[in-house]
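K.L.:
In the working numbering, the protein residues as written are 5 to 449.
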Amino acid sequence: MAPAITLAAEAPKLSAANTGFMLICSALVLIMTPGLAFFYGGMVRVKSTLNMLMMSFISMGIVTILWVLYGFSLAFGTDKGSFIGWTSDWVGLSNIGLTELWDGYTIPVFVFMVFQLMFAIITPALISGALADRVKFTAWSLFITLWATLVYFPVAHWVWGAGGWAFELGVIDFAGGTAVHINAGAAALGVILVIGKRVGFKKDPMRPHSLPLVMLGSGLLWFGWFGFNAGSWLGNDDGVGALMFVNTQIATAAAMLAWLLYEKIRHGAFTTLGAASGAVAGLVAITPSGGAVSPLGAIAVGAIAGVLCAMAVGLKYKLNYDDSLDVVGVHLVGGVIGSLLIGLFASGHGQSTVEGLFYGGGLTQFWKQCAGVFAVLGYSLVVSAILAFVIDKTLGMRVTEDEEITGIDQAEHAETAYDFSGAGGGAARTAVPAPADTDAKKVDA
């Protein structure tokens with residue numbers, strides 16, 4: 005019998021289709037940051053609207069430059085001790101060929117780089133929702149710079165970088181349950197424990213000033229999240245990206261409905277804020293798990309996240325910490341739920357053959373998920389609190405009490421979100437004098 009002939013695997017070739025798909029996904033992920041800005045901007049009071057928008061937009065500037073200079077190299081460069089990466093040729097993106105392919109895939113390195121850049125941009129922006137009304141813009145900008153360098157870039161390497169300890173352990177995080185949402189939510193908790201509560205917390209009404217803006221922002225997030233999730237498979241040659249796309253829609257719908265049902269039972273009403281928050285909770289929870297679960301599993305993940313996140317947002321009043329816009333309740337809790345449920349609902353028919361407890365796989369994957377979840381949570385919480393403490397003791401993290409009461413928009417940006425003094429505005433109208441007769445019932449209109 006003639007000896008078997010082993011053929012060398014054909015080297016991957018650049019795919020125009022996958023490259024175009026990933027560029028579109030990158031743009032979709034970028035639009036999530038302005039979407040987040042509107043979502044947060046509508047949830048604050050009028051006097052903080054512009055500051056909330058700017059806290060997201062400044063991340064698009066700062067993190068882009070950091071990513072080009074050294075962030076991409078730290079996150080995805082050659083592994084150094086399972087903790088961080090480094091490839092000197094990637095510093096400043098100076099020695100990357102235009103058609104050089106990303107590690108075993110059919111897209112250029114530049115395309116993978118810019119796709120991951122959009123993740124790096126939105127992650128610190130997520131933190132800002134917990135700090136509404138009270139943080140100096142210069143302090144926030146410095147915090148973003150340090151936090152991205154010391155927390156996001158290393159954690160991204162742990163989870164997604166070849167050689168990163170969580171990657172090698174087998175922790176499943178399809179698109180950022182640990183690296184993005186738990187990371188940002190834990191950071192938010194660490195910072196607010198250092199800087200304290202807003203003036204008037206639990207005393208003054210702090211209702212959203214524009215629920216239409218909130219709904220617009222959540223809609224943009226939902227739309228952009230398809231690129232965030234489906235794009236993370238870096239192509240769709242085997243259908244896994246399509247599964248993730250479908251599961252993203254399913255889980256988001258289930259979470260929104262579950263949140264609204266809980267809200268109706270608990271508070272007696274279906275609110276627009278609840279619908280928007282429920283949708284975001286579902287998006288967060290399916291982000292790590294959507295490539296591993298079936299569509300029925302996605303319903304379970306979304307419904308569980310919708311109820312538990314709705315319950316979690318009320319804890320800030322019981323535990324007395326001021327998470328202004330529920331970053332901890334939605335992103336931290338939602339990220340933990342979505343990441344841990346992989347250990348229960350992984351079907352073995354998606355991104356890998358790993359099976360969760362309910363599919364006969366035991367608890368092996370669940371414990372791996374626990375390791376990734378609590379390592380990221382603890383690291384981000386501690387380092388973020390230290391950064392906030394150092395900045396607070398040097399530059400100062402908070403505006404003055406008078407500036408907070410007057411409005412951080414005017415104090416930090418010398419602008420206001422709405423001008424009511426122009427022609428046709430309410431302030432320009434002349435009030436009709438009241439009738440001299442005090443008995444209004446006798447006045448003939």
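Cβ coordinates follow ideal geometry from the N, Cα and C atoms, glycine included.
First and last residue of the alpha helix (DSSP H) that includes residue 297?
P.N.:
Residue 297 -> no alpha helix (DSSP H), and no H or E assigned at all.
K.L.:
Between the alpha carbons of residue 320 and residue 417, how many angstroms are there, rounded?
P.N.:
29 Å
K.L.:
On a CA-only basis, which of 256, 235, 255 is nearest residue 246? Give me that one, please.
P.N.:
Taking each of 256, 235, 255 in turn and checking the Cα distance to residue 246, the smallest one comes out for 235.
K.L.:
Straight-line CA distance for residue 208 to residue 413?
P.N.:
19 Å
K.L.:
With a Cβ-Cβ cutoff of 8 Å, do residue 137 and residue 211 count as a contact?
P.N.:
no
K.L.:
Below 8 Å between beta carbons: does that hold for residue 344 and residue 313?
P.N.:
Contact annotation: residue 344 and residue 313 have beta-carbon atoms that are not nearer than 8 Å.
K.L.:
With distances taken from CA atoms, which of 369, 422, 421 is nearest residue 173?
P.N.:
369
K.L.:
Are the segment 212-224 and the segment 35-48 touching, with three or more C-beta to C-beta distances below 8 Å?
P.N.:
yes
K.L.:
List the DSSP bridge partners of residue 139.
P.N.:
402, per the DSSP bridge assignment.
K.L.:
Cutting at 7 Å between CB atoms, please list the residues of its own chain near residue 340, excluding the five before and the five after it.
P.N.:
186, 377
K.L.:
Flag this pair as touching only if the segment 148-161 and the segment 257-271 have three or more C-beta atom pairs under 8 Å; answer yes or no.
P.N.:
no
K.L.:
Would you mind sorting residue 1 into buried or exposed? The rule is 16 or more other CB atoms within 10 Å of its CB.
P.N.:
No answer is possible for residue 1: the residues shown for the chain start at 5 and end at 449.
K.L.:
When the Cβ atoms of the segment 102-110 are set against those of the segment 15-33, are three or more pairs found closer than 8 Å?
P.N.:
yes
K.L.:
Report the three-state DSSP secondary structure of residue 83 (helix, strand or coil).
P.N.:
strand
K.L.:
By a C-beta neighbour count over all protein chains shown, 10 Å radius and 16 as the cutoff for buried, is residue 422 buried or exposed?
P.N.:
exposed
K.L.:
List the endpoints of the continuous alpha helix (DSSP H) containing residue 126.
P.N.:
Counting along the chain, the alpha helix (DSSP H) containing residue 126 begins and ends at 113-131.
K.L.:
Please list the terminal residues of the continuous alpha helix (DSSP H) segment that includes residue 321.
P.N.:
319-323
K.L.:
Can you give me the start and stop residues for the alpha helix (DSSP H) that residue 414 sits inside?
P.N.:
412-417
K.L.:
Inspect the beta-carbon positions of residue 291 and residue 134 and report whether they are closer than 8 Å.
P.N.:
no
K.L.:
Report buried or exposed for residue 48, applying the criterion of at least 16 other Cβ atoms within 10 angstroms of its Cβ.
P.N.:
buried
K.L.:
Would you identify the three-state DSSP class for residue 359, choosing helix, strand or coil?
P.N.:
strand
K.L.:
If we count the other Cβ atoms within 10 Å of its Cβ and call it buried at 16 or more, is residue 408 buried or exposed?
P.N.:
buried
K.L.:
Excluding the 5 residues preceding and the 5 following residue 129 in the sequence, name in chain order all residues of the same chain whose CB lies nearer than 6 Å to its CB.
P.N.:
37, 40, 60, 63
K.L.:
Residue 402 and residue 67 - do their beta-carbons sit closer together than 8 Å?
P.N.:
no
K.L.:
Please report the distance separating the alpha-carbon of residue 145 from that of residue 395.
P.N.:
11 Å
K.L.:
Determine whether the beta carbon atoms of residue 73 and residue 95 lie at a separation below 8 Å.
P.N.:
yes
K.L.:
I'd like the list of long-range same chain contacts for residue 388, defined as Cβ closer than 6 Å, with 5 residues on each side in sequence excluded.
P.N.:
Once the five neighbours on either side are set aside, the close Cβ partners of residue 388 are 191, 194, 195.
K.L.:
Going by beta-carbon coordinates alone, are residue 300 and residue 109 separated by less than 8 Å?
P.N.:
no
K.L.:
If we ignore side chains and look at the alpha-carbon of each, how far apart do residue 21 and residue 111 end up?
P.N.:
9 Å
K.L.:
Starting from residue 274, follow the alpha helix (DSSP H) in both directions and report where the run begins and ends.
P.N.:
Premise fails: residue 274 is in no alpha helix (DSSP H) and is neither H nor E.
K.L.:
Alpha carbon to alpha carbon, how far is residue 169 from residue 163? Give it in angstroms, no decimals.
P.N.:
One alpha carbon belongs to residue 163, the other to residue 169, and they sit about 7 Å apart.
K.L.:
Which residues bound the alpha helix (DSSP H) around residue 493?
P.N.:
Limits of the chain in this structure are 5 at one end and 449 at the other, which puts residue 493 out of reach.
K.L.:
Would you check if the distance between the CB atom of residue 45 and the CB atom of residue 57 is smaller than 8 Å?
P.N.:
yes
K.L.:
Could you check which residue in 119, 157, 182 has the C-alpha nearest to that of residue 70?
P.N.:
Considering only alpha carbons, the answer is 157.
K.L.:
In its own chain, which residues sit with a C-beta less than 8 Å from the C-beta of residue 353, not counting the 5 before and 5 after it?
P.N.:
298
K.L.:
In three-state DSSP terms, what is residue 308?
P.N.:
Helix at residue 308.
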